[in-house]
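Engineer: I'd like to ask some things about the structure below.
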Amino acid sequence: MAGARIVAVEQRRPDLRFPFPENFAGRLTGRLVEAVGRRAKYLMLDLEGGDVLVMHLGMSGSFRIGGDLPGLFHHDRSKDPAHDHVMFRLSNGAEITYNDPRRFGFMLLEPRAGLATHKFFRDIGVEPLGNELDGSLLAKLFAGKAAPLKAALLDQTLIAGLGNIYVCESLHRAGLSPRRAAGTLARKDGSPTARANLLAGIIREVLTEAVTAGGSSLRDHRQADGSLGYFQHTFRVYDREGEPCPRAGCGGMVARVVQSGRSTFFCGACQR
DNA sequence: AGTTGCACCTGGCTGC
DNA sequence: TGCAGCCAGGTGCAAC
9 MAGARIVAVE QRRPDLRFPF PENFAGRLTG RLVEAVGRRA KYLMLDLEGG
59 DVLVMHLGMS GSFRIGGDLP GLFHHDRSKD PAHDHVMFRL SNGAEITYND
109 PRRFGFMLLE PRAGLATHKF FRDIGVEPLG NELDGSLLAK LFAGKAAPLK
159 AALLDQTLIA GLGNIYVCES LHRAGLSPRR AAGTLARKDG SPTARANLLA
209 GIIREVLTEA VTAGGSSLRD HRQADGSLGY FQHTFRVYDR EGEPCPRAGC
259 GGMVARVVQS GRSTFFCGAC QR
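Numbers given in our numbering equal positions in the first sequence, counted from 1, plus 8.
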């Protein structure tokens, strides 16, 4: 999309999770896409003229890239046209389709200058794959917190972009209980414990591996070219309730509990 | 100020 | 086969 111009937008319903911005298709049509980026789990298209098209996939949203792209792929017709809510046609022949059965996703069109103070973005935390995240920062973020480690890691105002799967997987690899108080990863003086340093490294490792594997394909989810992600085959605990703990010599069993309304999968034997 | 729970939706799966 | 009940990748917001 970067460097291409939006030549047509078809918006097939008035809302997703929120109503579409006023005159959404009209304001996008004819605009040049200057850059494509991301912040936390928000996709950002920088548009000519200073606006940003912000898009979130929610739980079930996905983009498919098709159309006539010289030298690139051409995907089959959508298998789920009932939930194809928005189509973008670009000057380079690409046709981008947004599909979202549950409609928890949303799209915003905001001035670039105001984004940093927008209520959806002003409190967003640190990027887990950025240079800032290390044991020291984790300790600083978690110091004094009685909240469970699981809840703290899912808190997007602390670390931005960790979801339920990767939190469960990271905690298992780190051998840390999701129920442990987040504050126990900081010493009294705010310096990191060995656990904090370990966890910070593991978060980076898990995310990097997941990205390399093309993400996790649950149910019918696909990458933008229709191919499958493979990281789900390497899940050690997520959605593996009742299975033996994969840690060598552990002998425990993967359990499922509910924390702040979300499923947590973990091994009570080796995660302390 | 910090936390918790609800709400927003549809569809897939399980068990009766 | 039908149907009720439960569960799902997230997060904004109201209520404590």
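Even for Gly, the Cβ is constructed at its ideal location relative to N, Cα and C. These numbers come from a predicted model, not from an experiment.
Take the Cβ of Arg110 as the centre, count every other Cβ of all protein chains shown within 10 Å, and call the residue buried at 16 or more, exposed below.
Structural biologist: exposed
Engineer: So, Gly223 versus Gly234, is the Cβ gap smaller than 8 Å?
Structural biologist: The answer is no: Cβ separation not under 8 Å.
Engineer: Give me the Cα-Cα distance between Leu207 and Met261, rounded to the nearest whole angstrom.
Structural biologist: 22 Å
Engineer: Verify whether the separation of the beta carbon atoms of Ala147 and Ala204 is less than 8 Å.
Structural biologist: Closer than 8 Å, so yes.
Engineer: Tell whether a beta-carbon distance below 8 Å holds between Pro156 and Arg195.
Structural biologist: With contacts defined by Cβ atoms closer than 8 Å, Pro156 and Arg195 do not form a contacting pair.
Engineer: Which value, in whole angstroms, describes the spacing of the CA atoms of Gly101 and Phe239?
Structural biologist: Their backbone Cα atoms lie some 31 Å apart in a straight line.
Engineer: When the Cα atoms are used, what is the spatial distance from Ala277 to Phe150?
Structural biologist: 24 Å
Engineer: Do you know whose CA, among Val134, Leu116 and Leu55, lies nearest Lys127's CA?
Structural biologist: Checking every option, the nearest Cα to that of Lys127 belongs to Leu116.
Engineer: Going by the CB atoms, is the gap between Pro119 and Asp54 shorter than 8 Å?
Structural biologist: no
Engineer: Counting only runs of 4+ residues fully inside the stretch 116-156, write out the alpha helix (DSSP H) ranges in chain order.
Structural biologist: 143-150
Engineer: Start and end of the alpha helix (DSSP H) containing Asn172?
Structural biologist: Boundaries of the alpha helix (DSSP H) around Asn172: Asn172 to Ala182.
Engineer: Could you tell me the alpha carbon to alpha carbon distance between Arg248 and His241, rounded to whole angstroms?
Structural biologist: If you take the alpha carbons of Arg248 and His241, they lie about 11 Å apart.
Engineer: Hey, Leu36 and Leu61 are a contact pair by Cβ (cut 8 Å); roughly how many whole angstroms apart?
Structural biologist: 7 Å
Engineer: How far does the alpha helix (DSSP H) with Ala202 in it extend, from its first residue to its last?
Structural biologist: Ala202 to Thr220
Engineer: CB Gly152 to CB Thr105, shorter than 8 Å?
Structural biologist: no
Engineer: Closest by CA to Tyr174, which one among Met52, His64, Phe273 and Pro200?
Structural biologist: Phe273
Engineer: For Leu61, which beta-bridge partners are listed by DSSP?
Structural biologist: Leu53 and Leu117
Engineer: Between the Cα of Leu193 and the Cα atoms of Leu226, Val44 and Gly143, which residue gives the shortest distance?
Structural biologist: Gly143
Engineer: Should Ala182 go down as buried or exposed, given a rule of 16 or more other Cβ atoms within 10 Å for buried?
Structural biologist: buried
Engineer: Are the beta-carbon atoms of Phe26 and Phe114 separated by less than 8 Å?
Structural biologist: yes
Engineer: Please report the distance separating the alpha-carbon of Leu184 from that of Glu177.
Structural biologist: 10 Å
Engineer: Between the alpha carbons of Ile167 and Leu65, how many angstroms are there, rounded?
Structural biologist: 18 Å
Engineer: I need the DSSP call for Phe243, collapsed to helix, strand or coil.
Structural biologist: coil
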